[in-house]
Structures are given as structure tokens and as C-alpha cells.
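**Q**
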Amino acid sequence: MSKKAKSDYLIQSVSRALDLLEAFSAKEGALGVTELARKLKLHKNNVFRLLATLETRGYVEQDTETERYRLGAKVYEVAAVFLQHLDLRRQARPYLESLAAKSGETTYLAVLERASAVYVDMVECEQAVRVAPRLGRRYPAAVTAAGQALLAALPRAQQEAALAGQAEPGTILDRLARVAAAGYAIDQEEGEPGVVAVAAPIHDLARRVVAAVECGAPAFRWTLERLKGELAPLVAGAASQIEAGLGLRPGAP
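Every position in the sequence shown, counted from 1, becomes a number in the working numbering once 4 is added.
Written out as C-alpha cells, the structure is:
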């Protein structure tokens, strides 16, 4: 008895939902129901039902002004998990090691999970006094350099959702705007007493943030001037190198 091909087990509704997600592209980032129906060769009622299901799960979102749809945050979350587990940590590791050697401090790779920065890899420095390991730990994103670098790259609505329940969210949002403009975030003992850090975001080709690289150090070794003048350029450079190594920058090898 011959074994059935996997194509024999396809579920049509799931396949159509995936076709709908794949209809969006860099050139067509927002599409209306009529456009999607034409591209997918489906009745508009069927497209609307697919969109309603995907919107409920966060895979698409609707612009309230134009009523057109675009990919939602859940697509980014799934992509971020893929990168984290398949490529991100492995390919970022050499750059974390290089950054640790250049800075003399411990380096980290962090991702955003809801309103938390989660540290998924680290390279410890050889200093006798150094930052305690954070690997696997979860911190409120608003109080760490990595978390602020990750939040600063999100749309305003997602920032507000992540900061729900935080004291003085307006102040934090203003700070995130400054982080986005600078290209890096500085934590001066906000996450942990006696610890300072600088972090920079890692973006994909669509300029969506997928992770952040952070360098953490005891506060007594780094003044604010040194953090900005010496450590920030090293961290930002490492983030750019990781993007290039992952092929996330145009023209990267």
C-alpha cells in the first residue's frame, strides 16, 4: 500500500489563510478586501471571514482610517522566534564575543516577549568584578537598555500596550522616542542597582526589530560620558555587524 503524499492532507481553509498572508509584500504592505479577493480569486465574503479570523489572532490588523489590512504583530512574533532559535543566537555569538573583548564587559543578546526583555545569550567578560549573568532572565522592558532598544522600534500603539500599567507611561514614551532617534539606549542603574548598560536594536530588511545587543557593566567603571562616547559606538557597531551577518541588511553577504 503506497503512502499518501502530505499534499493529500491539506486543509483548504488553512491553505487559503496562508495564501492571504503571503499576498502582502514589501510593495503591497496594505490591501483591501476587494484587492485580496482579486489576488486570491476568492469571493469577498470568504476573504472577509479569513481576515476576521486572522485579525482575531493578531496576524493581520486593519487601519481604521483606510479600512485596508496589513500584517499584524503576531507575524513578527513568529518570525522573531524563528530567527532566535535557528539563526540569531548562533550567528550573533561571534559578534558578542568580539564586543566583550573590545569593551572588556559582559555582552548579551535579548528579545522582546510581550512587555519583557528576555536574555537569550551572553558572553561574560574576564573582569574580576562584572555584571551577574542574566541568561534566561526576564526583565520589564522599560527599565533595561535592551528592553528600551526593543520597545523604541515598535509602533506607538504597541509601545503603549507594552507599557500598560507602568507608572508615568508618557515619560517612558518620550524616552523611547529619544532612544529611536539616537539608535541606542542607556540604562543607568534602572534595571539593577550598580549596573549600567548600553543596547542597540537588530533590525530585519523591513526595519522591524528582531533582537537587541547589550553590553552591561558595573556603574563605577563607566561615566555617562564614557557610555555615550565609547561604549555606545561599539554596541551600535556590533548590532550592525549582526544584521549583516544574518543577511538582514541590503548587500550583506
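From the three backbone atoms N, C-alpha and C, an ideal C-beta is built for every residue, glycine too.
These figures come from a predicted structure and were not determined experimentally.
1) Buried or exposed, going by whether 16 or more other CB atoms sit within 10 Å of the CB of Glu26?
2) Using CA atoms only, rank isn't needed, just tell me which of Val124, Arg138, Ser120 is closest to Val147.
3) In whole angstroms, give me the CA-to-CA distance for Arg134 and Ala114.
4) Tell me, which residues are paired with Pro197 by DSSP?
5) When DSSP labels each residue in this structure, what does Gly249 get in the three-state scheme?
6) Tell me which residues share the same chain as Ala171 and place their Cβ nearer than 7 Å to its Cβ, disregarding the 5 neighbours each side in the sequence.
7) Identify whether Pro257 lies in helix, strand or coil by the three-state DSSP scheme.
8) Indicate whether Leu44 and Arg72 have their beta-carbon atoms separated by less than 8 Å.
9) Does Arg94 pass the burial test, meaning 16 or more other C-beta atoms within 10 Å, or should it be called exposed?
10) Between the alpha carbons of Pro159 and Tyr13, how many angstroms are there, rounded?
**A** For this structure:
1) Here residue 26 refers to the residue found at position 22 of the sequence shown. The residue is exposed, with fewer than 16 neighbouring Cβ atoms inside 10 Å.
2) Position 143 of the sequence shown, counted from the first residue, corresponds to residue 147. Comparing alpha carbon positions, the residue from Val124, Arg138, Ser120 closest to Val147 is Ser120.
3) Within the sequence shown, the letter at position 130 stands for residue 134. Within the sequence shown, the letter at position 110 stands for residue 114. A direct Cα-Cα distance of roughly 18 Å separates Arg134 from Ala114.
4) Here residue 197 refers to the residue found at position 193 of the sequence shown. DSSP, once it has assigned bridges, lists no residue as partnering Pro197.
5) Within the sequence shown, residue 249 is the residue found at index 245, counting from 1. Helix at Gly249.
6) Here residue 171 refers to the residue found at position 167 when the sequence shown is read from its first residue. Taken in chain order, the list of residues that qualify is empty.
7) Within the sequence shown, residue 257 is the residue found at index 253, counting from 1. Since pLDDT at Pro257 reaches only 39, below the 50 mark, its modelled position is unreliable, and no value is offered.
8) In the sequence shown, residue 44 corresponds to position 40, counting from 1. In the sequence shown, residue 72 corresponds to position 68, counting from 1. Contact: no.
9) Numbered from 1 along the sequence shown, position 90 holds the residue referred to as residue 94. Around the Cβ of Arg94, a 10 Å sphere holds fewer than 16 other Cβ atoms; the residue is exposed.
10) Your numbering for residue 159 matches position 155 in the sequence shown. Your numbering for residue 13 matches position 9 in the sequence shown. If you take the alpha carbons of Pro159 and Tyr13, they lie about 39 Å apart.
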